[in-house]
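Chains as they are written, first to last, in the working numbering: chain A, 137 to 271; chain B, -11 to 615; chain C, 8 to 184. Heads up, the beta-carbon is just placed ideally off N, CA and C, and yes, glycines get one too. Source: prediction; values computed, not measured. First the structure, in the form of structure tokens, and then the observations on it.
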Amino acid sequence: MTNKTFIIIISIFLIQFFLNSSYTVEPDEVLENQKQELRARDISKNVRCMICQNQSIDESNAPLAKDLRIIIRDKIKEGNNDKEIYKFLTDRYGDFILLKPPLKLSTLALWFLPFIFFIIGFFIVFVNNKKSKKI
Amino acid sequence: MAPTLGNFALWLSLFFAIFQFFTSRKNNKLKFITVSVNGLLISSLISFFLLMYVHIVSDFSVLNVFQNSHTTKPLLYKISGVWGNHEGSMLLWILVLTIFNYFIFKLYNKKNSAFISKTLETQAFITTGFILFTILTSNPFERMIPAQENGLGFNPILQDPALAIHPPLLYIGYVGFSAAFSISIATLSVEDGEKIPWHIYMKPFVLAAWTFLSIGIALGALWAYYELGWGGWWFWDPVENASFMPWLLGTALLHSLIIVEKRKSLRAWVLLLSILAFLLSVIGTFLVRSGILTSVHTFALDPSRGIYILIFAALLGGYSLILFGVKSKRYFDNNYFTFFSKEGSILINNILMVVICSTVFLGTIYPLLIEALTNNKISVGEPYYNSTVIPIMIPAILVMGIGPILGWGKEDKSKTLKKIFPTILLTTIMTIFIFLIYQSYSVIGIAGIILAFWIISNNLLILIKKDKNCSMGMIIAHLGIGLVILGITSSSVWQEEKITKMKIDSETKIKKYNIVFEKINEIKESNYVALRGDFLVYDDKKNIITILKPENRFYLIKNNFTTEASIHTNLFRDLYIVLGEGNLNDGWIVRIYYNPLVIWIWIGSLIIFIGGIVSMNINLRKLKILY
Amino acid sequence: MKKQLLIIPSILFVLILSTFFYLLIIERNPSELPSNLLNKNVPNFKAESLLKNENFVSSKEFGNEIILVNFFATWCSPCRDEHVYIKRFANEKGIRVIGINYKDNSNNAIEWLKNLGNPYSDVPIDKDGRIAIDWGVYGIPETFIVKSKGIIKYRHVGPITKKIYKKINLLIREIEQ
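In structure tokens:
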């Protein structure tokens, strides 16, 4: 087999692979306006790739992730703000698609408990310490 | 023959574990305890190495080998394949448990016989639990009838040297906490616990667990960095969190033990921490192996396994926490802490470590809680952890820098200021220097770099002054942490990325480097075929620096693909190239990363490991004096 | 410190373990997601039809009866597996099924339906996957139950198996009543 045919055969193999997993942001997706592109990247980092677990669409290889990246860029070009874009996504996929859960009644504990842990920790130590000083 | 023997050895180790439980419970005959401890160690060694043997000779009459191996797999991965799957990894887990069990037994003498027997009894209970779990739900010696010609192969992404030794290191970490747990239970249970130097017994185990857990986590991150192909190394995946949480508690435990030693304070706290550290290891195992959450690395989806581990965790946790509630009263004390002192800084860091650990735990289980309560699904991912963990981490690092300089008890503030003046000077100079080089400003970047140099220069200065008050191991480990922070900050803040389509002979630029796509090659190996691009890298003086050779591999047996990034590393930056989709006519998609100072994450981790080993050596000497 | 406080760790521990236990014993698939469109109107869309010359307009199609919407493609092998059941819905139960052809080659799709039989009343083409995104689809095959007035009542992700077939039939009967 010549070198060239071999490469073509493997390329075909790999195309199958990339159908299922084209790696992260691709050159043809990138927006020309750098500011807009940065915004798109920032948003993408907060959006979960639905089929891969715990990866954002920015770093994911799934075709759906690519579609969503393109949609986000289209929306940015159309002049939508971040909030509208997130709403577009959660309307369709629910809060699950956000890697950073929105502040809601059901996520109050998630967002405030770390802070409360912090207060409790120092409170216990300070109170105990004060008591000890008296003794 | 070998699988039958292995299975027999596994049952034998179950017998010895139960035997050890009862003999050490009675504590009347040392001979019996000796026999059971040694028998347990030997039988689990035999069963482990027999499993390794059947993997090496590719005995496909064993289901475990059939499912995870293949004759064409390289020898190294046949060996690491033993613990690369759920069943086999349980056997490794048991082996490490029995090794620690043996070391606990080594502490036995006439004065502490009651105490050590109680420890061995607890350890035997834990070991029995895990052996039973393995035999009942995940026996690696299960046969496959009829035997198959060849195996199903092994996920190629896991065929990697770093990942080959990653699990054993992690298990030493998790299981090391079992020894601390058992010692803690014994301390709470026996009548004269106060008179036993239990903290001196506990410390080497905690140090071993912490040191190996650190290097294990670092290796996992290193693997993710070069293997997953997008330049990241930490994803806040539940599996990673499962190893990170015990590490955080281990860090708190390690430092609290110093206070127990020097000030006879915080004893109850240490007992609680050592219980929690091991419970978190077990719950982590549960989360990963029960299939209760989906994750990239989850091992198995089998509810019976989950229920078993859950019941086991409930027994361990229920017993130990209630015991703590009832018996810990005598270990409370009323010592006063000045915050501006060594013990004060350790105390503050203790709180912060536990708060971070609770936050990570909350983030990991919160989606499960929400699902159980409301039937909704939410994601808790990296952005959550970044915005909660990092703000708590920053004061912890600040305190960590100053802690070692402060003295025990009361400290004169003006004196301290004089002491830290050189560090402040050095930190300022280094920070300005770094910013002159990278010329990029962000709040997190500035904070991270200042903190990193704050730690590095503090510890370097102590090292130069040869301060007798500070433990050598501690200084080295802290220095390592400083370097890790430096690497993490700069590589995440100043990373540059270039995504472009390249044809052969075309070139592109990133930073000062010119990269020329020279050619594409075919690779044929025994178990994969691949396309490899050759990229010539030139610097700004047109000198060729290196040829980077990223690959796309196709593994024939498992029918899957991997991308192999190619990385050129020096002390200042990594150049990282990944080959993407493409063909001869249109060119290939190429992603190039410029990652500043990444290597310091790995060097720092290694230094942490060395610090841990040095410290272990010092503490073992302290232990020897007792005998 | 008050002695009663010492019991807090064990209580927290019990609470956490009970949650885990509950999640283990209820029948749940950790990778299945509830649809966010439940009890909402079907998204409006217009698309070329694979079988007819006129465009498919969603506002004209949904309204009076219970309709199944099935996202499929010829390159997706689970879609082939579930095709038997889709046909049974259409032929045995007389339910209207709309098949949305997801990111597919139209010639392949026509061939596919010729060979395997066509249970679909209409097949709108979703060339770039945008319609699927509007429906919150994340992995085909997916099947939706849409009741009268175009309200989505149920979504199943993955191929329809015997068990799911029965479940969907049961749900349809419930909705009818």
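{"Check": "Cβ separation of B/L567 and B/N547, assumed to be a contact under 8 Å, to the nearest whole Å", "Outcome": "No, B/L567 and B/N547 are not in contact; Cβ-Cβ is about 20 Å, not under 8 Å."}
{"Check": "For B/F48, the three-state DSSP class (helix, strand or coil)", "Outcome": "coil"}
{"Check": "Pairwise C-alpha distance: A/F253 and B/N337", "Outcome": "14 Å"}
{"Check": "Contact set between C/F20 and chain B, taken where Cβ atoms lie within less than 8 Å", "Outcome": "L267, G305, G306 and L309"}
{"Check": "Contact residues within the segment 123 to 136 of chain C, judged by C-beta distance below 8 Å to chain A", "Outcome": "D135 and G136"}
{"Check": "Three-state secondary structure assigned by DSSP to C/P148", "Outcome": "coil"}
{"Check": "Within 7 Å, strictly: CB atoms of C/K154 and C/I102", "Outcome": "no"}
{"Check": "Cutoff 8 Å; reference B/S316; Cβ partners in own chain excluding five residues on either side", "Outcome": "L176, A256, L259 and L260"}
{"Check": "C-alpha gap between C/I182 and C/Y172, whole angstroms", "Outcome": "15 Å"}
{"Check": "Contact under 7 Å by Cβ, C/N188 with C/S66", "Outcome": "Because chain C is modelled from 8 through 184, residue 188 of chain C falls outside the range shown and cannot be assessed."}
{"Check": "Secondary structure of A/S158, DSSP reduced to three states", "Outcome": "Confidence is the limiting factor: at A/S158 the pLDDT is only 42, short of 50, which leaves the residue's position unreliable and the question unanswerable from this model."}
{"Check": "Selected residue, minimal CA-CA separation from B/P(-9), among B/M460, B/S49 and B/L29", "Outcome": "B/S49"}
{"Check": "Cβ-Cβ separation, B/E179 to B/N127 (assumed contact under 8 Å), whole Å", "Outcome": "That belief does not hold up - the Cβ atoms of B/N127 and B/E179 are roughly 41 Å apart, past 8 Å."}
{"Check": "Nearest-angstrom beta carbon gap, B/C345 and B/L267 [assumed within contact, 8 Å]", "Outcome": "That pair is no contact at about 12 Å."}
{"Check": "C/K47 - containing alpha helix (DSSP H), residue span", "Outcome": "Counting along the chain, C/K47 falls outside any alpha helix (DSSP H), and DSSP gives it neither H nor E."}
{"Check": "Own chain partners of B/N558 with C-beta closer than 7 Å, once the 5 adjacent residues on each side are dropped", "Outcome": "none"}
{"Check": "Below-7 Å beta-carbon distance, C/I102 vs any chain B residue", "Outcome": "no"}
{"Check": "Chain-order list of residues whose beta-carbon lies under 7 Å from that of B/V53 (same chain, five-residue window excluded)", "Outcome": "V42, H43, S46, D47 and G139"}
{"Check": "Beta carbon of A/K236 nearer than 7 Å to that of B/P379", "Outcome": "no"}
{"Check": "Beta-carbon spacing of B/S514, B/T60 below 7 Å", "Outcome": "yes"}
{"Check": "Straight-line Cα distance separating B/I408 from B/N446", "Outcome": "8 Å"}
{"Check": "Alpha carbon of A/S180 to alpha carbon of A/S196, nearest angstrom", "Outcome": "10 Å"}
{"Check": "Nearest-angstrom Cα separation, counted from B/K401 out to B/G395", "Outcome": "11 Å"}
{"Check": "Spatial distance of C/P131 from C/V76 (CA atoms)", "Outcome": "11 Å"}
{"Check": "Chain-ordered chain C contacts of A/R228 [CB-CB under 7 Å]", "Outcome": "N43, I140, D141 and G143"}
{"Check": "Residue range of the unbroken alpha helix (DSSP H) whose run includes B/P192", "Outcome": "W186 to E215"}
{"Check": "Nearest residue (CA-CA) to B/G217, options B/L474, B/E510, B/F3 and B/I145", "Outcome": "B/I145"}
{"Check": "Three-state secondary structure (DSSP) of B/K512", "Outcome": "strand"}
{"Check": "Straight-line gap, A/A245 to A/A176 (C-alpha atoms, nearest Å)", "Outcome": "30 Å"}
{"Check": "Ordered list of alpha helix (DSSP H) runs contained in the segment 57 to 99 of chain B, each at least 4 residues", "Outcome": "63 to 68 and 74 to 94"}
{"Check": "Per-residue DSSP class, three states only, for C/N115", "Outcome": "helix"}
{"Check": "Closer than 7 Å at the beta carbon, the chain B residues around A/F268", "Outcome": "What sits at residue 268 of chain A in the sequence shown is Ser, not Phe. Those within 7 Å of A/S268 in chain B are N322, N323 and Y324."}
{"Check": "Beta carbon proximity, A/D203 to chain C, threshold 7 Å", "Outcome": "yes"}
{"Check": "B/W650 - DSSP class collapsed to helix/strand/coil", "Outcome": "The requested residue 650 of chain B does not occur in the structure, where chain B is confined to residues -11 to 615."}
{"Check": "Where the beta strand (DSSP E) through C/N77 begins and ends", "Outcome": "I74 to F79"}
{"Check": "Reference B/L356; option with closest CA among C/F63, C/I138 and C/F28", "Outcome": "C/F28"}
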